[in-house]
Amino acid sequence: MTPSPVELNVWKIQLSKVEDQLDRYKTYLNQDELARANRFLFDRDRIRFVICRGVMRVLLAERLNTNPTLIKFDYGDKGKPRLTNSAVEFNLSHAKDWAYFGINDSIPLGIDLEFMRPPADHGWIDIAKRFFAPAEFKILSALPVDIQAEAFFCCWTQKEAYIKLHGIGLSLPLDQFTVNVDPTSPAQLLTTTWNPLDLGQTRLYHLEAPRSYRASVALRSVTPINITYHQFINR
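In our numbering, the protein residues as written are 136 to 370.
And the structure:
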């Protein structure tokens, strides 16, 4: 019997569209979150943090049928949040004017969203040579120049989603596992010397994204997935 698909809901939040509710979202945050917000040097970073945490609390409260202020978090060693008294799994990523929030009933996930900005000092090939596995660098450098940036972020978002799934941040070098670099092909975890068991229990997926963005998600499940997208509107 074919198992039922994993249901993943992905919320797209355009930050500039909900910024007018900043003060309300701020009231949902606890003292630790407010202290974190106040440590940001720049207003834009503080505003993004407050909106993302506030919206995350709103969406989790809707799933759990409770008040946003009553949501309680525990944190992993590298700071990945999880719900204190619920099996619901979630993850959030933001870049520039957008944030993506993924949520499902019980399957651990990691999500990453990136704005395909121009490189500051080095080309994408140079950055890939420094951080990616040799096999990924070889494929990327052989691609036509006009798709190298998209391929770079295709690779990067898969890698970020994978390490966010595990809640370990960049403490895991990105060259310790490989993914599919081709932006026109499905996302895929190809090798992982760090945790070979993941090849049989983890899947990567590309997500819809606004123009000039790339997004990916990693799930600890090999069951087929059904992704439903939602546009967040203030409430």
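Idealized CB from N, CA, C, for every residue including glycine.
Extent of the continuous alpha helix (DSSP H) run through residue i
i           : result
residue 288 : 280–301
residue 270 : 269–277
residue 168 : 166–173
residue 265 : 259–266
residue 180 : 178–199
residue 157 : 157–163
Alpha carbon of residue i to alpha carbon of residue j, nearest angstrom
i           : j           : result
residue 343 : residue 350 : 7 Å
residue 228 : residue 299 : 10 Å
residue 83  : residue 147 : Residue coverage of the chain in this structure runs from 136 to 370, which leaves residue 83 outside it and unanswerable.
residue 220 : residue 205 : 11 Å
residue 310 : residue 258 : 18 Å
residue 245 : residue 362 : 14 Å
residue 295 : residue 164 : 26 Å
residue 169 : residue 208 : 14 Å
residue 230 : residue 331 : 30 Å
residue 149 : residue 356 : 29 Å
residue 176 : residue 249 : 22 Å
residue 348 : residue 290 : 13 Å
residue 339 : residue 266 : 19 Å
Delimiting residues of the beta strand (DSSP E) encompassing residue i
i           : result
residue 228 : 224–230
residue 237 : 233–239
residue 205 : Residue 205 -> no beta strand (DSSP E), and no H or E assigned at all.
residue 134 : In the structure as shown, the chain begins at 136 and stops at 370. Residue 134 is therefore absent and cannot be evaluated.
residue 147 : 141–149
CB of residue i within 8 Å of CB of residue j, strictly
i           : j           : result
residue 145 : residue 364 : yes
residue 139 : residue 232 : no
residue 242 : residue 334 : no
residue 325 : residue 337 : no
residue 270 : residue 293 : no
residue 235 : residue 190 : no
residue 141 : residue 226 : no
residue 313 : residue 268 : yes
residue 262 : residue 253 : no
residue 307 : residue 237 : no
For residue i: DSSP bridge partner residues
i           : result
residue 247 : 351
residue 327 : 312
residue 209 : 217
CB contact check: residue i to chain C, cutoff 8 Å
i           : result
residue 238 : No chain C appears in the structure shown, which is made up of a single protein chain.
* To do: Decide yes or no for the touch test of the region 261–279 against the region 307–317: beta carbon pairs closer than 8 Å, at least 3 of them.
  => yes
* Three CB pairs or more closer than 8 Å across the region 282–294 and the region 187–203 -> no
* Three-pair Cβ contact test at 8 Å for the region 207–217 versus the region 175–185 -> no
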